[in-house]
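Residue numbers (UniProt numbering): 1 to 328.
We put the beta carbon where it would ideally sit given N, CA and C, even for glycine.
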């Protein structure tokens, strides 16, 4: 590809400019090849829910998307439209920055003798359920897009198709009436913009939060003798669930978890004040891949990593007899 770049540069530039100026995303770039991939190696390969659909898009379409992404992202940053507590898909942000913010806030509250309730929300196939009409309305009213830009984005998200490739088998093409393309450059950014109103709802209830992609975590810190503040958390979750229902985003309640942090005696005293939220209380939760306990000690996570490391080392040890003695 590098050796032939000079030959394809000019026609590629013409494709990009023509697409943007006309507000049309080429139909040839709208078909994705979906290859199912097991979420974890140890899962049952006969269970369909254990697979994650990985979309493979045409190479040139990603270049075109990237050109639009750079300009759109620059405009969003210059106009301060992106949610500052969204760490997903942003430069200089990561799961580490999100976790650092959350854990630091919880530790500061513990230092002042407060008890904190951390709620982890899980969305089911969030990228696949986005309503195109709602998204376009959001881009127009919340972001301020219009003209060729909005027309191009409408062309980009609509009229898409996919087919499944598994081994030697290929399915027929299927239409994609909802969602944004996973594995694309623009999809994650459009998802973040789609979720902007939810961030405002959380703020109106005076609840702290931080998001990474479709992973949202809410937390509130209270003094042990002022537990009425927890009512705002319950109200916030109710309002958030209502908004999700109206915007075709499904909350997976079976995976919703709540972790209490702070002085142990004060944590236990707070339990009766949680009401219906008690059903979500856990001794440990996994936040963005890191196991947290009520003491925020990280010991459970260290134990998990150590156990996994020993498991792999044991497998390597069994193979050591096959190696050249000089390389053991």
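For residue 71, the uninterrupted alpha helix (DSSP H) segment begins and ends at 59-78. Under the three-state reduction of DSSP output, residue 294 falls in the coil class, being neither helix nor strand. In the displayed model, residue 100 falls within a helix according to three-state DSSP. Annotation: residue 223 is outside any alpha helix (DSSP H) and is labelled neither H nor E by DSSP.
For the segment 160-213, the continuous alpha helix (DSSP H) assignments of 4+ residues that do not extend past its boundaries occur at 187-194, 196-204, in sequence order. In this structure, residue 33 and residue 165 form a Cβ contact; the two beta carbons are roughly 5 Å apart against a cut-off of 8 Å.
At a Cβ-Cβ threshold of 8 Å, residue 259 and residue 288 do not count as neighbours. Restricted to the segment 250-294, the alpha helix (DSSP H) segments that are unbroken, complete and at least 4 residues in length are 264-270, listed in chain order. For the pair residue 12 and residue 60, the CB atoms are nearer than the 8 Å cut-off. Here the alpha carbon of residue 213 sits roughly 11 Å from the alpha carbon of residue 98. In this structure, the alpha-carbon of residue 201 lies about 20 Å from that of residue 101.
Beta-bridge annotation (DSSP): residue 51 is paired with 38. Counting along the chain, residue 155 sits inside the alpha helix (DSSP H) bounded by residues 147-157. Residues of the same chain with their beta carbon placed closer than 7 Å to that of residue 272 are lacking, with the five preceding and five following residues left out of the count. Within the DSSP bridge table, the entry for residue 143 names no partner. Residue pairing by DSSP places residue 216 opposite 121, 211 in a beta bridge. In the structure shown, the three-state DSSP call for residue 94 is coil. For residue 112, the secondary structure class from DSSP, reduced to helix, strand or coil, is coil.
Within the same chain, 123, 126, 129 come within 7 Å of residue 249 by CB-CB distance, once the 5 residues on both sides are set aside. Taking the CA atoms as reference points, residue 6 sits about 26 Å from residue 23.
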